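Below you'll find the structure, written out as C-alpha cells, and then a few comments.
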Ligand code: OAD
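Numbering (our numbering), first residue to last: 1 to 242.
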C-alpha cells in the first residue's frame, strides 16, 4: 500500500462519507441494502416530503437516531482525529455524515456539511438549533416549546442549500497559499455535489489527491491515488508524519 507523507509544509483536507461509519454499524446510502434502497428518498429527505407528511419524516429520523446512538467510532474515525492533533490548523475535516461519530472520536476542526442527526431546529422561529436525542413516537410531530411551530431535523435535505459560511471555510482552506495541499476523500461514492467536486477544486490549486474507498467511486478517475479497502483498516496505516 502507498503511504502518504505529511511534512511541516503540508496541510490536509479530509472529506468523509457514509463508508467511514460502515464499520461502526451504520448503513450507507447507496448500493445493496443502502438506506436509499429501502426508503423513498424524496418522501423522507426533502422539504416537500416534510410538508406532505412530517410524521413519516420524524419516524425515519427517529429510527436513524435509534440506530446510530449506540454506535461507536471505529479505527478510521480515530485515525482522522489523531491527524488533527498532529496538524492543528493545517487540518480540516469536512464530513457528509450526520451520525456524530467524528465528534465522538475527538475531531473538532470539522464541518458537518449535511447537518447532524442529533440536532433539531424550529421551522417557524429563529431559535438556535439544539441538541435532541429523542426518538418520537410513531405518528407524532414534535412542536417548538417557544413558538409552537413544527420542529424538524437539522439535516440538509435534497433541494436545500448548504450553509454558505461552511462552504466559504472549505474554499478558504482549499485556496491557502502558505502550505501544499493534500486532499483525501474517504468512504464516499462521489455522487453528491458539491462534495463530489472538491477533488477538482483541490487539483486546480495544485493539490495532491487521494481516495480511500471500498469500491471505485463515481469520480475515482479524478484522484491521483486510489487505495481500495475498508477505511477502518486502511486509515490507521496510511499516513506518516515527517
Ligand atoms: P454513499 O452510500 O453514497 O457511498 C458510500 C461509499 O462508501 C461507497 O462508495 C462504498 O463503496 C464506500 N464504503 C462502504 N463501506 C466502506 C468502508 N468500510 N470503507 C471505505 N469505504 C466504504 O454515501 P455518501 O457518499 O456519504 O446526503 O453519500 C453522500 C450523501 O448522499 C449523504 O450525505 C446523504 C446521501 O443522500 C443526505 O442525506 C443529504
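Every residue, glycine too, gets a C-beta built ideally from N, C-alpha and C. Just so we're clear, the structure is a prediction, and the values are computed from it rather than from any experiment.
Self-check item: Straight-line gap, residue 216 to residue 2 (C-alpha atoms, nearest Å)
Solution: On the chain shown, position 216 is the one that residue 216 refers to. On the chain shown, position 2 is the one that residue 2 refers to. So the two alpha carbons sit approximately 17 Å from each other.
Exercise. May I have the straight-line CA-CA distance separating residue 86 from residue 80, to the nearest angstrom?
Key: Along the chain shown, read from residue 1 onward, the residue named residue 86 stands at position 86. Along the chain shown, read from residue 1 onward, the residue named residue 80 stands at position 80. Each residue's Cα considered, the two are about 10 Å apart.
Quiz item: Can residue 215 be considered in contact with ligand 1, in the sense that its beta carbon sits closer than 7 Å to one or more heavy atoms?
Solution: As a first step, residue 215 must be located in the chain shown, where it is residue number 215. Yes, since a heavy atom of ligand 1 falls inside the 7 Å radius drawn around the Cβ of residue 215.
Quiz item: With contact counted as at least three CB pairs below 8 Å, one residue from each stretch, are the stretch 96-107 and the stretch 31-46 in contact?
Solution: no
Quiz item: Between residue 212 and residue 234, which are expected to be in contact by the criterion C-beta below 8 Å, what is the C-beta distance as a whole number of angstroms?
Solution: The residue given as residue 212 occupies position 212 in the chain shown. The residue given as residue 234 occupies position 234 in the chain shown. The Cβ separation is near 5 Å, so the contact holds.
Quiz prompt | First through last residue of the alpha helix (DSSP H) which encompasses residue 141 | solution = Within the chain shown, residue 141 is the residue found at index 141, counting from 1. Careful: residue 141 lies outside any alpha helix (DSSP H) and carries neither H nor E.
Quiz item: For residue 9, which residues of its own chain have a beta-carbon under 8 Å away from its beta-carbon, when the five flanking residues on both sides are left out?
Solution: Within the chain shown, numbered from 1, the residue matching residue 9 stands at position 9. Around residue 9: 179, 180.
Self-check item: Under the three-state DSSP convention, the category residue 42 falls into
Solution: Here residue 42 corresponds to residue number 42 of the chain shown, with the count starting at 1. Residue 42: helix per DSSP, three-state reduction.
Quiz item: Among 157, 131, 123, 128, which has the Cα closest to the Cα of residue 141?
Solution: For the purposes of this step, residue 141 is taken as residue 141 along the chain shown, with counting starting at 1. It is 123 whose Cα lies nearest to the Cα of residue 141.
Exercise. Can you grab the Cα-Cα spacing for the pair residue 111 / residue 171, in whole Å?
Key: Counting from one through the chain shown, the residue named residue 111 turns up at place 111. Counting from one through the chain shown, the residue named residue 171 turns up at place 171. Using only the alpha carbons, I get a separation of about 12 Å.
Quiz item: Per DSSP, residue 1 is paired with what?
Solution: Locating residue 1 in the chain shown gives position 1, counting from the first residue. Beta-bridge pairing links residue 1 to no other residue.
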